[in-house]
Every structure is written in structure tokens, then in C-alpha cells.
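Asks: Have a look at the structure that comes next, please.
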Amino acid sequence: MLTQFDRLQTLRAAFPKEGLFAEKAWLLSPDAFPLEKKFVAELEQLGHRLFVFQRACNQLYQLSTRGKQPAWVARYLDAGKPKELIEFSRRKEIRDDLPRVIRPDLILTDKGYIIAEIDSVPGGIGLTGWLNQTYSTFDSEIIGGADGMLDGFRTVLPNGGDIVISQEAATYRPEMEWVAARLNQRMLDSGYLMLDKSDNSASGNPVSSIEHRVSPETWRVVAAENYEPTDGRAVYRFFELFDLPNIPGSHQHHAADQAVSGREDVVRAFLDAAAARVLATRTG
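Laid out in C-alpha cells, this is it:
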């Protein structure tokens with residue numbers, strides 16, 4: 002059985018040399034944060050419930066823009082947004098798209114918890130993935146298990162894709178590079194394993210045709226400022242929509258996005274912000 006010192010040593014040894022958040026330092030705990038089983042059960046249902054909430058917010062907004070719900074809803078959510086962004090987000094081909102990754106910011110209280118914000122461009126994906134993998138080496142009860150976050154993010158870009166990060170969001174680049182590297186490594190490992198099972202040769206070494214099929218950059222992190230979209234390649238946008246004026250070629254990025262299968266670049270400004278949650282108060 003590992004001592005607390007051993008656990009801390011395990012954490013330090015596993016920490017990526019590139020870090021997880023740029024220019025950030027960490028205090029390490031030998032134990033994961035404990036949660037009661039009842040609260041865990043609530044958390045496991047929360048993601049779907051918040052997805053339904055965001056879908057309802059989006060439907061309410063779209064109906065408001067067409068005069069089928071009170072006009073103040075769209076007027077409130079559009080306030081302060083650039084005209085071009087509002088017009089683009091209302092396009093028929095994308096207006097029903099919703100973020101595939103959200104993060105509710107929870108504040109624990111004596112009586113339960115409060116949702117302070119629902120972040121539709123959340124940081125912490127790679128950090129949580131690393132924490133789950135690392136703590137699972139000595140704790141079998143980590144929520145989501147060792148690979149839950151990686152498995153979940155892969156459903157967003159199942160066949161690979163570009164994780165596009167702006168300079169404004171550069172703090173989170175190391176953690177997303179960790180995610181991309183782990184997903185690519187898993188693909189390589191699974192390709193070798195699949196070949197080993199079916200290969201009749203004595204060596205069991207992969208043949209060149211398989212090696213060419215498995216790319217080390219199936220998932221990759223790229224800078225938004227000089228990003229050139231590729232036809233048919235999925236995109237995960239990791240920057241706030243208010244960064245768009247600072248990103249050259251952002252209009253071309255949006256145009257290409259319409260043709261991408263399984264795209265994740267959802268252009269919905271009011272879902273990026275905390276404003277939508279006000280609807281729960283004003284309409285409830």
C-alpha cells in the first residue's frame with residue numbers, strides 16, 4: 002500500500018514536462034477530493050440535464066428571433082455582440098448546433114451546490130484527463146475512471162481533427178497538446194495491437210501499409226491566428242468568439258466549417274457567455 006509520500010512522488014513523476022497550464026504552478030494532494038455517493042449520482046446526471054437546458058435556451062432564442070417568443074429574449078442575448086456574428090449564428094445550417102463539451106462551474110454549499118456558470122469553451126479537459134489517469138494508478142474509485150475524459154473527448158472528434166487555440170487562450174494549449182498526444186498514442190497502440198492479433202508472421206511486426214494509415218497527428222493542436230482549414234477535417238474551436246476580430250481569416254474558417262462533417266466550431270455567442278443562465282431566472 003502506497004504511503005502519502007509515495008503518492009506525491011507518483012504525481013510528481015507523472016507530471017508532463019511541458020506542464021498542463023502555461024506558467025502555472027500546482028499544489029499536489031495525495032488524495033482525490035472526496036465526494037458523497039449521492040452527490041456523485043447527481044453529477045453523473047447533470048451533464049445531460051444541462052445539455053437539455055442549453056438546447057432549450059437555443060430554441061427559445063431562435064423562436065424569439067422569429068417573433069414566436071418574446072422579443073426581449075433575443076434582444077437581451079444579442080446585446081453587445083457584433084452584427085456579423087449574430088447573423089452568422091442564425092444561419093439555418095448551423096443554428097441548431099450545440100457545444101459538445103460544457104463545464105458547469107459549481108460552488109459547494111452547506112445545502113448542496115450552486116451553478117455559477119456554464120462554460121461552453123471550457124479549460125480543464127486535459128488537466129482532468131491527466132488527474133484521472135494519474136490518481137487512478139493508486140485509487141480505483143476515481144469518477145470517470147482513468148480514461149473517461151479522453152474517451153469523452155474522442156467522441157467529439159472520433160476520426161481526429163484540429164484543436165484550434167487562439168493566443169488569448171494559450172494558457173490552455175499545453176493541456177490540449179497532452180490530450181492530442183494521448184489520443185494519437187492510443188491510436189498507434191491500438192493499430193499495433195490489432196495487427197498483432199491478426200498477423201500470422203513470426204515477428205508480429207506491423208506492415209508498412211498499416212504504419213502509413215496511422216498518423217501521429219490525427220489529433221493536433223494548431224494556432225488559430227494562422228490556421229488554414231482543410232476540407233473534411235473536423236475542428237474543435239478553443240477560443241472565445243470575441244477573439245474572432247483578432248484572428249486573420251476567421252470568415253474563411255467559418256465558411257469551411259459548414260462543410261466539415263462532425264464539426265464542433267459552434268458559432269453561438271450567447272452560449273459562450275454566462276448570459277443564457279439568466280433565462281432560467283427570468284422565465285422560471
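All letters in the sequence shown, in the order written, are residues 2 to 285 by this note's numbering.
Don't be surprised by glycine CBs; every beta carbon is placed ideally from N, CA and C.
Since this is a predicted model, take the numbers as computed values, not measurements.
Does the Cβ-Cβ distance between Ala-33 and Ala-171 come in under 8 angstroms?
Replies: no
Asks: Where Met-2 and Gly-162 are concerned, what is the direct C-alpha to C-alpha distance, given to the nearest angstrom?
Replies: 41 angstroms
Asks: Compute the beta-carbon to beta-carbon distance between Tyr-136 and Ile-143, rounded to the nearest angstrom, for a pair I have assumed lies under 8 angstroms.
Replies: Contact between Tyr-136 and Ile-143 holds, with the beta-carbon distance rounding to 5 angstroms and staying under 8 angstroms.
Asks: Tell me which residue opens and which closes the beta strand (DSSP E) that Phe-239 is part of.
Replies: Phe-239 -> beta strand (DSSP E) spans 236-239.
Asks: Which of the three DSSP states is assigned to Pro-175 in this structure?
Replies: Here Pro-175 sits in helix by DSSP.
Asks: Would a C-beta distance cut-off of 8 angstroms place Trp-73 and Trp-131 closer than the cut-off?
Replies: no
Asks: Can you tell me the Cβ-Cβ gap for Ile-164 and Met-177, rounded? I've got them flagged as a contact below 8 angstroms.
Replies: Their Cβ separation, rounded to whole angstroms, is 5 angstroms, which keeps Ile-164 and Met-177 in contact under 8 angstroms.
Asks: Span of the alpha helix (DSSP H) holding Ile-126?
Replies: 126-136
Asks: What's the C-alpha gap between Ala-225 and Thr-4?
Replies: 44 angstroms
Asks: When you compare each of Pro-230, Ala-182, Gly-233 and Glu-229 to Trp-220 by their alpha carbons, which one comes out closest?
Replies: Ala-182
Asks: Please confirm whether Phe-240 and Ile-166 have their CB atoms less than 8 angstroms apart.
Replies: yes
Asks: Is it right to say Arg-67 is buried, meaning 16 or more other beta carbons lie within 10 angstroms of its own, or is it exposed?
Replies: Answer is exposed; the Cβ neighbour count stays below 16.
Asks: Using only CA atoms, which one of Lys-93, Gly-124 and Asn-185 lies nearest to Gln-60?
Replies: Lys-93
Asks: Nearest by alpha-carbon distance to Arg-56: which of Asn-160, Leu-184, Asp-244 and Ile-119 is it?
Replies: Per the C-alpha coordinates, the member of Asn-160, Leu-184, Asp-244 and Ile-119 positioned closest to Arg-56 is Ile-119.
Asks: Given this structure, state the Cα-to-Cα distance separating Tyr-228 from Val-236, to the nearest angstrom.
Replies: 11 angstroms
Asks: What does DSSP give as the partner residue(s) for Val-122 in the beta ladder?
Replies: None, per the DSSP bridge assignment.
Asks: If you compare alpha carbons, which of Asp-152, Tyr-173 and Asp-79 is closest to Val-223?
Replies: Tyr-173
Asks: Enumerate in chain order the residues of its own chain whose CB-to-CB distance from Gly-263 is below 6 angstroms, with the five nearest sequence positions on each side excluded.
Replies: Confidence at Gly-263 is low in this model, with a pLDDT of 37, below 50, so its placement is unreliable and no value can be given for it.
Asks: According to DSSP, simplified to helix, strand and coil, what is Val-329?
Replies: This structure leaves residue 329 out entirely; the chain is present only between 2 and 285.
Asks: On a CA-only basis, which of Phe-139, Val-102, Leu-109 and Thr-231 is nearest Ser-121? Give me that one, please.
Replies: Val-102
Asks: Taking Gln-134 as the reference, give the member of Asp-148, Val-157, Ile-115 and Asp-152 with the closest Cα.
Replies: Asp-148
Asks: On the three-state DSSP scale, how would you describe Gly-145?
Replies: Coil.
Asks: Nearest-angstrom Cα distance between Asp-79 and Pro-123?
Replies: 21 angstroms
Asks: Taking all protein chains shown into account, decide if Pro-175 is buried (16 or more other Cβ within 10 angstroms of its Cβ) or exposed.
Replies: buried
Asks: What do you get for Ala-117, buried or exposed, if any count of 16 or more other CB atoms within 10 angstroms of its CB means buried?
Replies: exposed
Asks: Taking the alpha carbon of Val-53 as the point to measure from, which residue in Ile-87, Gly-233, Leu-245 and Pro-100 has its own alpha carbon closest?
Replies: Pro-100
Asks: When DSSP labels each residue in this structure, what does Trp-27 get in the three-state scheme?
Replies: coil
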